[in-house]
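Asks:
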Amino acid sequence: MRPVHQGAPHMSPKHDKPIVGLCERCGEYLNPGVRTCPNCGHYNS
Numbered sequence: 000m001r002p003v004h005q006g007a008p009h010m011s012p013k014h015d016k017p018i019v020g021l022c023e024r025c026g027e028y029l030n031p032g033v034r035t036c037p038n039c040g041h042y043n044s
């Protein structure tokens, strides 16, 4: 028997978009293809 489907652990309703990147300096979310942080201006490698 399969348990009642309550949502897979890797699918969070708060994070429905894939994480494309986080700033290495401040942890700000980065947009796809963007390396320069919009928050602190750090260029992520």
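For what it's worth, numbering that gives the first Met the number 0 labels the leading residue of the sequence shown as 0, then goes sequentially.
Note that the Cβ used here is the ideal one computed from N, Cα and C, for glycine as well.
Taking all protein chains shown into account, do 16 or more other C-beta atoms lie within 10 angstroms of the C-beta of L21, making it buried, or fewer, making it exposed?
Replies: Looking at its Cβ environment, which holds fewer than 16 other Cβ atoms inside 10 Å, L21 is exposed.
Asks: For G40 and V19, what's the separation of their Cα atoms in angstroms?
Replies: Cα-Cα distance, rounded: 17 Å.
Asks: Taking only the alpha-carbon atoms, compute the straight-line gap between E23 and N38 and give it to the nearest angstrom.
Replies: Going by the C-alpha atoms only, they are around 11 Å apart.
Asks: Pull up the DSSP beta-bridge partners for L29, would you.
Replies: In the DSSP output, where bridge partners are listed per residue, L29 has none listed.
Asks: Using a 10 Å radius around the Cβ and a threshold of 16 neighbouring Cβ atoms, would you call C36 buried or exposed?
Replies: By the neighbour-count rule (16 or more Cβ atoms within 10 Å), C36 is buried.
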